[in-house]
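Asks: This is the structure, below, for whatever I ask next.
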Amino acid sequence: MQKPLLIIGNKNYSSWSLRAWLLLKAFNVDFDEQLIELFHPSARPTLEAHSPTDKVPILVYSEGDKQVTVWDTLAIAIHINEYFTDSDIWTGMKKSNASAQHDSQSRINSAYCQSIVAEMHSGLTGIRNEMPMNIRATAKIQPSDACLADIARIESIFADCLKGRSKNSFLFGDVTAADVFFAPVVLRLQTYADASDIELKPLTKQYCQTIMNNLHIQAWQQSALAETRIIEEDEAGEILSIVGVLAN
């Protein structure tokens, strides 16, 4: 099997690219990456060659004389879990630990993890629409009731998963797909929450710090801050400050 290629968009803005990239990093999958410019003519040949939806991320690799292509972040997560990792992405446990994988608590955690990943994938559109990922910026918005309801729901998920866990814990103890799928939410909150006078609960702030301390997240951020392109479609609110190359 050929080492997979992950095709992603601009790191400052592309939250779904971050999810796929972080999943591969978190579960120790060796891969190459190719970055294309979102909403730019230069991206057209790559998208036309690999993505029927014209969107990133896309996972591509060769299996014998056949090419395997997986588009959509959730599909990539399922595919990686099936073929590329020795750990189960829904529980964080080694697949070889069959007894642990099939005990009742593991099934409960797996079901919960799969459910909140699917909820993130298909819903929470208030926060996603009003707080687009913009790593370099601090920005002020006027959140709608829908956006605030999404934040309350996210805080409820965090509180339910983290109760009784250690201070620096991921949502289910070990890193899982849930942490990967909610990582861009943490970055959104970093950009907009304080600047927009949105008060987050202490446990939410604690979990946000755990994600921000992750070395893979920090590496993604550094790459994002080195980017110079501004994509107006993904700029929201009143920009109060920026960091990175564009701040100089």
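Count along the sequence shown starting at 1, add 264, and that's the number in the numbering used here. Every residue gets a Cβ at the ideal spot worked out from N, C-alpha and C, and that includes glycine. Note that the coordinates shown come from a computational prediction; the quantities given were computed from them, not determined experimentally.
1. Can you confirm whether E502, when its beta carbon is compared against all beta carbons of chain D, has any partner nearer than 8 Å?
2. Kindly give me the distance between the Cβ atoms of V444 and L287, rounded to whole angstroms, as I take these residues to be in contact under 8 Å.
3. Under 8 Å between the Cβ atoms of N432 and T468?
4. In its own chain, which residues sit with a C-beta less than 7 Å from the C-beta of G390, not counting the 5 before and 5 after it?
5. Would DSSP call F291 helix, strand or coil?
6. Helix, strand or coil for A403 per DSSP?
7. Can you give me the C-alpha to C-alpha distance between E419 and E297, rounded to a whole angstrom?
8. Do the CB positions of P448 and R283 come within less than 8 Å of each other?
9. For A457 and E502, I'd like the C-alpha separation in whole angstroms.
10. My parser needs the alpha helix (DSSP H) runs of 4 or more residues fully inside the region 447-500; what are they?
11. Nearest CA to the CA of L504: which residue from S487, P316 and T455?
12. Around the Cβ of T317, are there at least 16 other Cβ atoms within 10 angstroms (buried) or fewer (exposed)?
13. May I have the straight-line CA-CA distance separating R308 from V320, to the nearest angstrom?
14. Measuring alpha carbon to alpha carbon, tell me which of V293, I506 and N292 ends up nearest K404.
15. Within a Cβ cutoff of 7 Å, which residues of the same chain sit near A459, ignoring the five residues on either side of it in sequence?
16. Go to Q266, then tell me how far its beta strand (DSSP E) extends in each direction, as first and last residue.
17. Can you look up G390 in the DSSP assignment and give me helix, strand or coil?
Replies: Quick look at the numbers:
1. No chain D appears in the structure shown, which is made up of a single protein chain.
2. 5 Å
3. For N432 and T468, no; Cβs fall outside 8 Å.
4. S408, A410, C411, A413 and D414
5. coil
6. strand
7. 32 Å
8. yes
9. 13 Å
10. 466-476 and 479-489
11. T455
12. exposed
13. Whole-angstrom Cα-Cα distance: 12 Å.
14. Measuring from the Cα of K404, the nearest candidate turns out to be I506.
15. T402, A403, K404 and L504
16. No beta strand (DSSP E) holds Q266; DSSP gives it neither H nor E.
17. Look at G390 here: in three-state DSSP terms it is helix.
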